[in-house]
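Asks:
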Amino acid sequence: MKAVYFAWVRERIGKAEEEIDPPAEVVTVADLIGWLSRRDEGYAHAFENPRTIRAALDRAHVKPDAALAGAREVAFFPPMTGG
Amino acid sequence: MKAVYFAWVRERIGKAEEEIDPPAEVVTVADLIGWLSRRDEGYAHAFENPRTIRAALDRAHVKPDAALAGAREVAFFPPMTGG
Amino acid sequence: MEIRVQREDFVASEEALALTRSRADVGAVVTFVGLCRDEGGKLAALEIEHYPGMAEAEIALVVEEARQRWPLLGLRVIHRYGRLAPGDQIVMVATASSHRGAAFAAAEFLMDYMKTRAPFWKRARGVDGAVQGWVEAKDADDASAARWRAP
Amino acid sequence: MEIRVQREDFVASEEALALTRSRADVGAVVTFVGLCRDEGGKLAALEIEHYPGMAEAEIALVVEEARQRWPLLGLRVIHRYGRLAPGDQIVMVATASSHRGAAFAAAEFLMDYMKTRAPFWKRARGVDGAVQGWVEAKDADDASAARWRAP
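Chains as they are written, first to last, in our numbering: chain R, 21 to 103; chain Z, 21 to 103; chain G, 22 to 172; chain B, 22 to 172.
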């Protein structure tokens with residue numbers, strides 16, 4: 021699946037998007053955050069405070085317990101500050 | 021003092037303004053309404069329902085119990101419908 | 022000029038733009054424009070009568086109260102009188118503030134209070150040319166104004 | 022088009038006027054414009070990042086909810102991205118309705134919800150050229166959005 025990152029999540033991870041292929045035991049968005057966090061310091065830093073991370077699956081907001089299921093695109097970003 | 025009338029108060033009385041010289045016992049706005057109402061049918065019609073009459077003294081809203089005192093201009097009109 | 026009572030039409034956007042020109046502390050501008058509706062095709066015109074002098078004075082009082090309630094960086098109020106056709110602009114308020122909450126609240130307050138305090142009266146003229154009579158004040162407008170009063 | 026997410030500036034008044042053109046059932050138009058403040062001279066620019074596709078989709082959901090809540094006769098939402106200087110316009114909403122209450126409420130609702138749901142992020146750049154960092158989401162914005170939820 022495709023992962024996209026925005027704002028300081030993007031800066032800490034060091035890329036705007038990438039293809040990821042999590043193992044079968046990564047079922048939910050929260051699982052994916054844990055799996056990514058173990059990759060390197062950048063990911064760990066991006067996801068260090070789960071309270072400040074928002075996620076979307078196929079461009080719709082989801083909670084951490086949402087199942088990745090057949091989603092093609094997952095996004096991680098800080099709370100929105102538009103308007 | 022000068023009396024000015026607006027909207028249907030003006031139409032019922034049949035004039036937009038006039039000089040009036042109420043007697044000394046006409047102390048309040050309510051007194052003046054009573055005194056004018058006894059003049060003729062037009063005034064009586066204009067003032068027949070006190071609930072729908074608003075008054076101003078020298079261009080400031082007042083209640084019926086306000087004293088005419090030294091006011092130079094009294095105005096009578098229906099509830100406002102601007103905006 | 023902050024307050025204008027006039028027969029002429031106005032350009033709401035120019036009034037609103039004037040509030041932000043050559044300054045960068047304004048974060049929010051709210052503009053309200055009230056227009057003459059055709060009432061389902063029945064209305065040909067509105068004739069708006071006003072009390073010259075008192076209209077400006079009452080709007081000034083409402084503006085002063087808005088300035089005391091909210092931290093405004095600018096505002097404009099324009100109310101027209103005379104004969105207006107469906108689609109014509111009747112009234113506008115524009116408010117500028119650092120933050121949107123104050124700009125929204127002040128604009129709505131100005132409209133609510135102006136409707137119940139400023140001496141303007143509307144008369145409807147039907148498409149058949151006949152006068153349909155004076156528009157009656159609505160209890161809903163009194164209720165809208167009343168909600169700004171402290172409990 | 023009702024919703025636009027764009028780098029280019031916009032003319033708020035043209036968007037608002039489009040809502041009343043060739044119709045006479047609109048009685049109220051409320052326009053909100055959010056602008057880039059200079060934060061007391063400290064801010065040189067805002068850099069606004071967004072999630073293309075999702076930004077439009079989220080605004081569309083907010084618009085749909087506004088349409089269900091209030092009898093709107095038209096609306097416009099525009100949100101910019103990219104580098105903006107103090108005084109520049111960031112966002113606008115315009116709402117048209119027969120009556121002012123609906124137009125005011127819908128405009129304020131759209132702004133409150135858009136601020137907390139639409140995927141935009143602001144980064145501040147100081148007058149010394151240094152990045153001041155990402156603007157943090159405010160609890161006040163969540164509270165503003167929350168007041169529209171049924172108790």
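Backbone N, C-alpha and C fix where the C-beta goes; we use that ideal spot for every residue, glycine too.
Where do the N-terminal and C-terminal ends of the beta strand (DSSP E) with Val32 (chain G) fall, by residue?
Replies: As a working mapping, residue 32 (chain G) is identified with position 11 in the third sequence. No beta strand (DSSP E) holds Val32 (chain G); DSSP gives it neither H nor E.
Asks: Between which two residues does the alpha helix (DSSP H) containing Tyr134 (chain B) stretch?
Replies: One-based indexing of the fourth sequence puts residue 134 (chain B) at position 113. Segment 121 to 138, the alpha helix (DSSP H) holding Tyr134 (chain B).
Asks: Checking 8 angstroms against the spacing of the C-beta atoms, do Asp133 (chain B) and Leu56 (chain B) come in under that value?
Replies: In the fourth sequence, the residue the question calls residue 133 (chain B) occupies position 112. In the fourth sequence, the residue the question calls residue 56 (chain B) occupies position 35. Cβ atoms of Asp133 (chain B) and Leu56 (chain B): not closer than 8 angstroms.
Asks: What is the rounded straight-line gap between the Cα of Pro107 (chain B) and the Cα of Glu68 (chain B)?
Replies: Here residue 107 (chain B) is taken as the residue at index 86 of the fourth sequence, counted from 1. Here residue 68 (chain B) is taken as the residue at index 47 of the fourth sequence, counted from 1. Their backbone Cα atoms lie some 11 angstroms apart in a straight line.
Asks: Closest to Asp30 (chain G) by CA distance: which of G:Gly154, G:Thr52, G:Arg101, G:Ala39 is it?
Replies: As a working mapping, residue 30 (chain G) is identified with position 9 in the third sequence. Cα-wise, what sits closest to Asp30 (chain G) is G:Arg101.
Asks: At the 8 angstroms Cβ level, is Ala76 (chain R) part of the contact set with chain B, yes or no?
Replies: Your numbering for residue 76 (chain R) matches position 56 in the first sequence. Yes, contact with chain B.
Asks: For Gly55 (chain B) and chain G, any beta-carbon pair shorter than 8 angstroms?
Replies: As a first step, residue 55 (chain B) is located in the fourth sequence; it is residue number 34 there, counting from the start. For Gly55 (chain B), the answer is yes, since a Cβ of chain G falls inside 8 angstroms of its Cβ.
Asks: Residues of chain B with CB under 8 angstroms from Met100 (chain R), in chain order?
Replies: Along the first sequence, one-based indexing puts residue 100 (chain R) at 80. Here the neighbours are Lys136, Thr137, Arg138, Ala139, Pro140, Phe141, Trp142, Ala158.
Asks: Going by the DSSP bridge assignment, what does Ala166 (chain G) pair with across the sheet?
Replies: Start at 1 with the first residue of the third sequence, and residue 166 (chain G) comes out as number 145. BP columns for Ala166 (chain G) are empty, so no partner.
Asks: How far does the beta strand (DSSP E) with Leu105 (chain G) in it reach, from first residue to last?
Replies: Position 84 of the third sequence, counted from the start, is the residue given in the question as residue 105 (chain G). Looking at the DSSP string, the run of the beta strand (DSSP E) that includes Leu105 (chain G) is 103 to 105.
Asks: Output needed in chain order: residues of the stretch 36 to 66 of chain B with a Cβ under 7 angstroms from some Cβ in chain G.
Replies: Within the stretch 36 to 66 of chain B, the residues whose Cβ lies closer than 7 angstroms to some Cβ of chain G are Thr41, Ala45, Asp46, Val47, Gly48, Ala49, Val50, Val51, Thr52, Phe53, Val54, Gly55, Leu56, Arg58, Asp59, listed in chain order.
Asks: Exposed or buried, Lys143 (chain G), counting other C-beta atoms within 10 Å across all chains shown (16 or more means buried)?
Replies: Counted from its first residue, the third sequence places residue 143 (chain G) at position 122. Burial call: buried.
Asks: Taking Cβ to Cβ, would you say Arg146 (chain B) is nearer than 8 angstroms to Ala49 (chain B)?
Replies: For the purposes of this step, residue 146 (chain B) is taken as the residue at position 125 of the fourth sequence. For the purposes of this step, residue 49 (chain B) is taken as the residue at position 28 of the fourth sequence. Not a contact, by the Cβ cut-off of 8 angstroms.
Asks: What is the residue span of the alpha helix (DSSP H) that Trp155 (chain G) lies within?
Replies: Along the third sequence, read from residue 1 onward, the residue named residue 155 (chain G) stands at position 134. No alpha helix (DSSP H) holds Trp155 (chain G); the beta strand (DSSP E) holding it covers 152 to 155.
Asks: Just the Cα atoms here: how many angstroms apart are Gly150 (chain B) and Val82 (chain R)?
Replies: By one-based count along the fourth sequence, residue 150 (chain B) stands at place 129. By one-based count along the first sequence, residue 82 (chain R) stands at place 62. Rounded to whole angstroms, Gly150 (chain B) to Val82 (chain R) spans 36 angstroms at the Cα level.
Asks: Need the endpoints of the alpha helix (DSSP H) that Tyr63 (chain R) sits in, please.
Replies: Counting from one through the first sequence, the residue named residue 63 (chain R) turns up at place 43. Note, Tyr63 (chain R): alpha helix (DSSP H), 61 to 66.
Asks: Compute the Euclidean distance between the alpha carbons of Leu40 (chain G) and Leu82 (chain G), then round it to the nearest angstrom.
Replies: The residue you call residue 40 (chain G) lines up with position 19 of the third sequence. The residue you call residue 82 (chain G) lines up with position 61 of the third sequence. Cα to Cα, Leu40 (chain G) sits roughly 20 angstroms from Leu82 (chain G).
Asks: Could you check which residue in B:Ile99, B:Pro92, B:Ala123, B:Arg44 has the C-alpha nearest to that of Ile24 (chain B)?
Replies: Along the fourth sequence, read from residue 1 onward, the residue named residue 24 (chain B) stands at position 3. The shortest Cα separation from Ile24 (chain B) among B:Ile99, B:Pro92, B:Ala123, B:Arg44 belongs to B:Ile99.
Asks: Can you confirm whether Ala127 (chain G), when its beta carbon is compared against all beta carbons of chain Z, has any partner nearer than 8 angstroms?
Replies: Position 106 of the third sequence holds residue 127 (chain G). It does not; no Cβ of chain Z falls within 8 angstroms.
Asks: Please return the same chain residues whose Cβ sits closer than 6 angstroms to the Cβ of Pro84 (chain Z), not counting the five positions on each side in sequence.
Replies: Counted from its first residue, the second sequence places residue 84 (chain Z) at position 64. Cβ neighbours of Pro84 (chain Z) within its own chain (closer than 6 angstroms, five residues either side excluded): Val49, Ala50.
Asks: Say whether chain B places a C-beta atom closer than 8 angstroms to the C-beta of Ala27 (chain R).
Replies: Position 7 of the first sequence, counting from 1, holds the residue named residue 27 (chain R). Chain B, which has a Cβ nearer than 8 angstroms to the Cβ of Ala27 (chain R), makes this yes.
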